[in-house]
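**Q** Got a structure here, written out as structure tokens. Questions coming.
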Amino acid sequence: MPLHIIRQDITKLKCEAIVNAANNTLLGGGGVDGAIHKAAGGKLLEECKTLGGCDTGDAKITKGYNLLCKYVIHTVGPIWRGGQFNEKALLESCYRKSLTLAKLHGCESVAFPLISSGVYGYPKDRALSVAVDTISEFLFDNEMTVYIVVFDKEAYEISEELFDDVTEYIDDNYLDERFGWQTKTEHYNPSCFDTEGEGRYYKIDCQELAEMFGEVPNKLIDMLSKMDDNFAVTLLKLIDIKGITEVECYKKANVSKQTWYKIMNEKNYKPSKNTVIAFAIALELSLEETKHLLSTVGFTLSKSNKFDIIIEYFLLNKEYNIFTINETLFKFDQVCLGM
Ligand code: ADP
Numbered sequence: 006m007p008l009h010i011i012r013q014d015i016t017k018l019k020c021e022a023i024v025n026a027a028n029n030t031l032l033g034g035g036g037v038d039g040a041i042h043k044a045a046g047g048k049l050l051e052e053c054k055t056l057g058g059c060d061t062g063d064a065k066i067t068k069g070y071n072l073l074c075k076y077v078i079h080t081v082g083p084i085w086r087g088g089q090f091n092e093k094a095l096l097e098s099c100y101r102k103s104l105t106l107a108k109l110h111g112c113e114s115v116a117f118p119l120i121s122s123g124v125y126g127y128p129k130d131r132a133l134s135v136a137v138d139t140i141s142e143f144l145f146d147n148e149m150t151v152y153i154v155v156f157d158k159e160a161y162e163i164s165e166e167l168f169d170d171v172t173e174y175i176d177d178n179y180l181d182e183r184f185g186w187q188t189k190t191e192h193y194n195p196s197c198f199d200t201e202g203e204g205r206y207y208k209i210d211c212q213e214l215a216e217m218f219g220e221v222p223n224k225l226i227d228m229l230s231k232m233d234d235n236f237a238v239t240l241l242k243l244i245d246i247k248g249i250t251e252v253e254c255y256k257k258a259n260v261s262k263q264t265w266y267k268i269m270n271e272k273n274y275k276p277s278k279n280t281v282i283a284f285a286i287a288l289e290l291s292l293e294e295t296k297h298l299l300s301t302v303g304f305t306l307s308k309s310n311k312f313d314i315i316i317e318y319f320l321l322n323k324e325y326n327i328f329t330i331n332e333t334l335f336k337f338d339q340v341c342l343g344m
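Numbering of the sequence shown is given in this note's numbering, commencing with residue 6 and proceeding in unit increments.
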């Protein structure tokens with residue numbers, strides 16, 4: 006998957022370049038900067054001393070020394086002063102300049118911390134969305150694997166409204182197969198676990214749900230159901246029907262070119278369920294269309310699987326931004342889409 010959001014210590018990450026949230030002097034500091042210098046050893050500081058500092062929004066590159074990466078890209082994020090002082094543009098520039106430097110040095114994988122979101126005070130949710138938007142834009146024209154490393158879980162906050170909505174949807178639809186009834190998502194929010202509402206002794210069928218949300222069987226699904234095509238052929242037909250290009254489709258699905266190639270050329274290649282769903286999101290398929298696409302590789306969506314229910318929520322709400330979906334999956338401790 007070209008863009009991964011992971012929770013880890015960036016100094017322990019094995020990839021070609023890691024990005025440092027540095028200050029203008031480039032002579033080391035606290036936070037991630039301190040951690041990177043400590044792990045890289047004194048030679049990193051020696052090289053940094055030769056660089057003559059760095060402007061806010063710009064980036065410079067050094068070797069990685071004792072780190073697991075070949076390069077460290079030092080970028081200086083803006084200090085948050087309320088949002089009216091060009092902070093967003095400067096932060097975007099940090100990501101763009103760092104990615105351009107990585108590309109110039111032939112890096113195929115780069116990891117970013119959430120720049121400016123620590124001591125520099127940029128609100129973490131906004132810092133994350135700037136990171137995701139800017140990196141995705143770059144990835145549209147470039148092949149690279151990029152990691153956004155989120156150190157603390159709180160940094161990865163989807164909006165409260167979306168979180169509440171998804172929680173409610175899981176509450177209403179999660180079917181615990183051991184008991185055959187639905188249970189609350191007490192795991193995420195113990196305070197909302199009201200015993201009165203605990204376990205409803207009925208099941209909502211997917212079809213019923215689709216009807217509730219006004220999804221009516223459509224011509225496309227009719228047409229596809231009559232054909233016995235495999236995944237690759239179905240995918241190509243859908244791409245054609247939706248009027249997008251193949252590249253647009255796999256980029257939007259956050260799927261790598263290599264995976265796309267395997268799907269199209271290796272006869273026995275079976276994509277993961279996760280990848281199939283990523284394509285469904287990229288193609289903006291309905292719930293029924295998604296189920297059809299999944300069925301071509303023998304998968305289905307289940308009511309006893311939180312991941313599936315979250316996907317169902319987004320399909321029914323026609324929210325197809327894969328990064329919003331991934332942020333939500335991450336928040337609910339589920340694997341993200343893509344491969
Ligand atoms: P800035 O001065 O740009 O705000 P900070 O280093 O204070 O930089 O924080 C940037 C982000 O890096 C914060 O979200 C912080 O939680 C995170 N961070 C700190 N240490 C690490 C680490 N070892 N790996 C990844 N992220 C880290």
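From the three backbone atoms N, C-alpha and C, an ideal C-beta is built for every residue, glycine too. This structure is a prediction, so every number in the text was calculated from the model and none was measured.
Buried or exposed for VAL115, going by 16 or more other Cβ atoms inside 10 Å?
**A** Label assigned to VAL115: buried.
**Q** Just tell me which of GLY248, THR280 and LYS247 has its CA closest to the CA of GLN263.
**A** Nearest C-alpha to GLN263: THR280.
**Q** Mind listing, in chain order, the residues whose beta carbon lies closer than 6 Å to a non-hydrogen atom of ligand 1?
**A** After applying the 6 Å Cβ criterion, the set is ASP14, ILE15, THR16, ALA26, GLY36, VAL37, ASP38, ALA40, GLY82, PRO118, LEU119, ILE120, SER121, SER122, GLY123, VAL124, TYR125, VAL154, PHE156, ASP157 and ALA160.
**Q** At which residues does the alpha helix (DSSP H) containing ALA22 begin and terminate?
**A** ALA22 -> not in any alpha helix (DSSP H); beta strand (DSSP E) instead, spanning 22-27.
**Q** Under 8 Å between the Cβ atoms of ALA44 and LEU72?
**A** Yes, Cβ-Cβ distance for ALA44 and LEU72 is below 8 Å.
**Q** Measure the beta-carbon distance from LYS308 to ILE314 and round it to whole angstroms, keeping in mind my assumption that it falls under 8 Å.
**A** That belief holds up - the Cβ atoms of LYS308 and ILE314 are roughly 7 Å apart, short of 8 Å.
**Q** Give the DSSP bridge partners of TYR76, in chain order.
**A** The partner list for TYR76 (beta bridge, DSSP) reads ALA22 and LYS68.
**Q** What distance in whole Å lies between the Cβ atoms of ALA22 and SER121, which are believed to be in contact at a cut-off of 8 Å?
**A** About 19 Å; that fails the 8 Å criterion.
**Q** Can you list, in chain order, the residues of its chain whose CB lies under 6 Å from that of THR329, leaving out five sequence neighbours each side?
**A** Same-chain partners within the cutoff: there are none.
**Q** Helix or strand or just coil, what does DSSP make of THR61?
**A** Correct three-state label for THR61: coil.
**Q** Tell me which residue opens and which closes the beta strand (DSSP E) that PHE117 is part of.
**A** Looking at the DSSP string, the run of the beta strand (DSSP E) that includes PHE117 is 114-118.
**Q** Buried or exposed for ILE11, please, with buried defined as at least 16 other CB atoms from any protein chain shown within 10 angstroms of its CB.
**A** By the 10 Å Cβ count, ILE11 comes out exposed.
**Q** Once the 5 residues before and after ALA287 are set aside, which same chain residues still bring their CB inside 6 Å of it?
**A** The residues are CYS254, LYS257 and ALA258.
**Q** Whole angstroms are fine: how far does the CA of GLY33 sit from the CA of ILE246?
**A** So the two alpha carbons sit approximately 53 Å from each other.
**Q** When DSSP builds the beta bridges, which residues end up paired with TYR325?
**A** DSSP, once it has assigned bridges, lists no residue as partnering TYR325.
**Q** Taking the Cβ atom as the reference point for each residue, do PHE143 and LEU104 lie within a distance shorter than 8 Å?
**A** Yes.
**Q** At the level of alpha carbons, what is the spacing between ALA283 and VAL260?
**A** Near 8 Å, if we compare the C-alpha coordinates of VAL260 and ALA283.
**Q** Can you tell me whether THR305 is helix, strand or coil according to DSSP?
**A** In the structure shown, THR305 sits in coil (DSSP, three-state: anything other than H, G, I, E or B).
**Q** Pull up the DSSP beta-bridge partners for VAL151, would you.
**A** According to DSSP, which records beta bridges pairwise, VAL151 is partnered with LEU8 and VAL115.
**Q** Taking the C-alpha atoms as reference points, what is the distance between GLU271 and LYS278?
**A** Computed Cα separation, rounded: 17 Å.
**Q** Please tell me whether LEU106 and LEU119 are closer than 8 Å, where the distance is taken between their beta carbons.
**A** Against a cut-off of 8 Å, the Cβ pair of LEU119 and LEU106 comes out as no contact.
**Q** Ignore the nearest five residues each way along the sequence and tell me which others in GLU52's own chain have a CB closer than 7 Å to its CB.
**A** Hits under 7 Å: THR67 and LYS68.
**Q** With C-beta atoms as the reference, is CYS59 less than 8 Å away from LEU31?
**A** Yes, these two residues count as a Cβ contact at 8 Å.
**Q** Nearest to LYS168 by alpha carbon, out of TYR76, LEU290, THR333 and ASP338?
**A** Checking the displayed sequence, the identity of residue 168 turns out to be Phe instead of Lys. For PHE168, the nearest C-alpha among the options comes from THR333.
**Q** Check for me: the alpha helix (DSSP H) holding ILE244 runs from which residue to which?
**A** Where ILE244 is concerned, the enclosing alpha helix (DSSP H) stretches over 236-247.
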